[in-house]
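Top line first, the protein sequences correspond to chains U and P.
According to this note's numbering, the first sequence holds residues 1 to 166 in order.
According to this note's numbering, the second sequence holds residues 167 to 449 in order.
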Amino acid sequence: MTRDASKKMLKIYFELNGEPMYVEIKPGEMLLDLLRRLGMKSVKEGCRTGECGACTVLLDGKPVRSCLTFAAKIKGHRVTTLEGLGSPANPHPLQEAFLETGAVQCGFCTPGMILVAYDLLSRNPDPTPEEVREAITGNLCRCTGYVKIVEAVLLAAKRRREGVWR
Amino acid sequence: MGIKRFHYARDVEEALSLLAAYEGRGALLAGGVDLARGLAPEVEGLIDVTTAGLAGISADGGGLRVGATTTLEAIRRSQEAQGYLGGFLAKVMGHVATLPLRNMATLGGAVVSAHPWADIPTALVALGAEAVWQNEELTEKASVEELYRRPFRAIFRRALLTEVRFPAWDGAFAFEKVARNAGDIALINCACGLGLDGEGKIAWARVAIGATPHRAKRLTAVEDFLTDEAPSEELWAEAAHKMKTEVEVGDDMRASAEWRRSAAAAIVRRALDRAAKGVTGDA
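Following this line, the structure appears as structure tokens:
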């Protein structure tokens with residue numbers, strides 16, 4: 001094997017919010033930095049140690065910390081950020097539920113919260129409040145005290161069961 | 167970070183050959199949870215081993231085999247793990263960190279990182295789990311307990327952990343942990359197992375304690391104390407008292423040695439009771 005002193009850029013293919021992407025990355029780049037570089041500003045930098053959950057994204061449908069995921073690892077995989085769920089013009093039912101219940105204050109934790117809630121509801125369409133609390137254990141909110149967030153997820157779950165979902 | 171190259175290892179041999187070629191400046195990457203937080207400055211090459219075909223869980227008689235790159239959440243949800251010892255190992259995984267981290271972290275990573283405060287080494291030591299690893303010359307195996315007595319950090323600078331094997335046990339295990347919140351690391355943890363003989367006496371006992379704040383160890387004096395005795399609330403209380411005198415504890419920023427001594431006794435008592443109820447089907 002030969003190695004030169006320069007960093008070798010990698011070209012990787014992956015799927016971002018349903019769209020095929022072909023990007024050049026640095027070999028040590030983190031997924032958080034790549035996604036923000038690609039304009040996915042819902043992905044927040046909080047602690048960079050995997051503790052706070054603000055950078056959570058879905059990798060092949062499962063929540064992971066983008067701050068601890070090397071971007072090279074997503075080669076050939078599917079990444080979903082909040083931008084892939086909804087937009088201000090066309091919000092996702094979870095986003096609507098968060099707004100209606102007052103579950104958003106500063107909003108920094110909201111994208112991660114919504115993505116773990118999305119994962120929970122895809123596995124468990126009728127969660128108990130305890131199961132919602134367990135699902136958001138790894139996502140820290142410093143504003144709301146979590147009560148409204150749990151309400152929002154339960155409201156979205158109810159609507160999902162009534163067929164309001166995508 | 168000074169990462170210059172990223173490699174996707176196609177198999178164990180390629181991973182080991184790349185690791186050797188970097189002469190100490192390469193690192194094996196699995197879930198990345200530890201590596202991304204504490205990458206050594208001299209590391210220039212990352213070798214992804216999650217592409218090497220090591221993930222998977224299979225029942226092995228009454229035991230279990232888990233490939234090193236299997237994620238903690240995959241173990242937690244697997245039918246095979248839920249069928250092993252009444253789901254003991256699967257339940258332990260649920261105590262570790264939070265879901266997004268469990269979707270990343272691997273069993274092999276937990277064994278190799280061997281954080282003194284971690285929950286998985288405590289369970290693996292109690293279970294007598296066996297680690298299998300490979301270097302460029304040979305494949306080796308040892309119990310996780312024995313591995314931690316060896317210079318394992320030096321071993322894994324040139325070797326790849328490939329599998330963890332869990333033996334069959336005729337009995338039940340229980341895990342207990344005290345932490346400040348659900349996603350936090352342990353202030354103290356323990357795993358206890360018990361099996362009964364035909365007369366209802368304890369045929370074997372396994373007691374491991376971790377986050378003392380030292381790495382998980384078995385308390386063989388407590389195990390010996392329990393063996394051949396009849397299970398009872400009083401016996402658990404006496405075992406807890408023995409635990410207090412035998413356990414090596416220390417201070418750190420999270421808890422004092424004296425608090426740990428009391429907490430160790432309390433959680434061992436609780437775990438023994440739960441394990442005994444598991445054996446008799448009262449759990």
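Just so it is clear, CB atoms sit at the ideal spot from N, CA and C, and this is done for glycine as well.
With respect to chain P, the C-beta atom of Lys8(U) has a partner C-beta closer than 7 Å.
Here Val64(U) is near Met270(P), since their CB atoms are less than 7 Å apart. Taking a Cβ-Cβ cut-off of 9 Å, Leu362(P) has no neighbours in chain U, whose nearest Cβ is about 34 Å from it. Leaving aside the five residues that flank Leu293(P) on each side, the residues in its chain whose CB is nearer than 6 Å to its CB run, in chain order, Phe332. Cβ-Cβ distances below 8 Å link Pro111(U) to Ser42, Val43, Lys44, Ala54, Thr56, Thr81 and Leu82 in the same chain, with the five nearest sequence neighbours on each side left out; the list follows chain order. Positions of the alpha helix (DSSP H) runs, each at least 4 residues long and wholly inside the stretch 359-421 of chain P, are given as 386-392 and 399-412 in order along the chain. Per DSSP, the continuous beta strand (DSSP E) segment holding Met21(U) begins and ends at Glu19 to Ile25. In the DSSP assignment, Glu15(U) is bridged to Pro20(U) and Arg78(U). In terms of beta-carbon proximity, Phe70(U) lines the interface with chain P, with at least one pair separated by less than 7 Å. Counting along the chain, the unbroken alpha helix (DSSP H) around Pro287(P) starts and ends at Ile286 to Leu293. Under the DSSP assignment, Ser309(P) falls in the beta strand (DSSP E) whose first and last residues are Thr305 to Ser309.
Cβ-Cβ distances below 8 Å link Leu195(P) to Leu201, Leu212, Ile213, Asp214, Val215 and Thr216 in the same chain, with the five nearest sequence neighbours on each side left out; the list follows chain order.
Cα atoms of Thr128(U) and Leu121(U): separation of roughly 11 Å, rounded to the nearest angstrom. In this chain, the beta strand (DSSP E) harbouring Asp214(P) covers Gly211 to Asp214. Close to Ala135(U), with beta-carbon spacing below 8 Å, are these residues of chain P in chain order: Leu265. Taking a cut-off of 8 Å for Cβ pairs, the stretch 176-185 of chain P and the stretch 322-329 of chain P touch, as three or more such pairs fall below it.
Residue-level contact by beta carbon holds for Asn269(P) and chain U, with a gap shorter than 7 Å. If only complete runs of 4 or more residues are kept, the stretch 108-138 of chain U shows the alpha helix (DSSP H) at 110-123 and 129-135, in order along the chain.
Ala348(P) is classed as exposed because its beta carbon has fewer than 16 other beta carbons within 10 Å across all chains shown. DSSP, reduced to helix, strand and coil, places His281(P) outside both helices and strands of the structure shown, so it counts as coil.
Cβ-Cβ distances below 8 Å link Arg133(U) to Tyr146 and Val150 in the same chain, with the five nearest sequence neighbours on each side left out; the list follows chain order.
Judged by DSSP in its simplified three-state form, Thr101(U) adopts helix.
Around the Cβ of Val164(U), a 10 Å sphere holds fewer than 16 other Cβ atoms; the residue is exposed.
For Ala348(P), the closest Cβ of chain U is nearer than 7 Å.
Rounded to the nearest whole angstrom, the CA to CA distance from Gly275(P) to Glu162(U) is 42 Å. Listed along the chain, the chain P residues whose CB falls inside 9 Å of the CB of Gly145(U) amount to none; the nearest CB is some 15 Å away. Residue-level contact by beta carbon holds for Thr49(U) and chain P, with a gap shorter than 7 Å. At a Cβ-Cβ threshold of 7 Å, Thr144(U) and Gln105(U) count as neighbours. Here the C-alpha atom of Thr69(U) lies approximately 22 Å from the C-alpha atom of Ile286(P). When the five nearest sequence neighbours on each side are left out, the beta carbons in the same chain lying within less than 6 Å of the beta carbon of Ala135(U) are those of Val116 and Leu120, in order along the chain. Pro20(U) and Val79(U) have their C-alpha atoms spaced approximately 10 Å apart.
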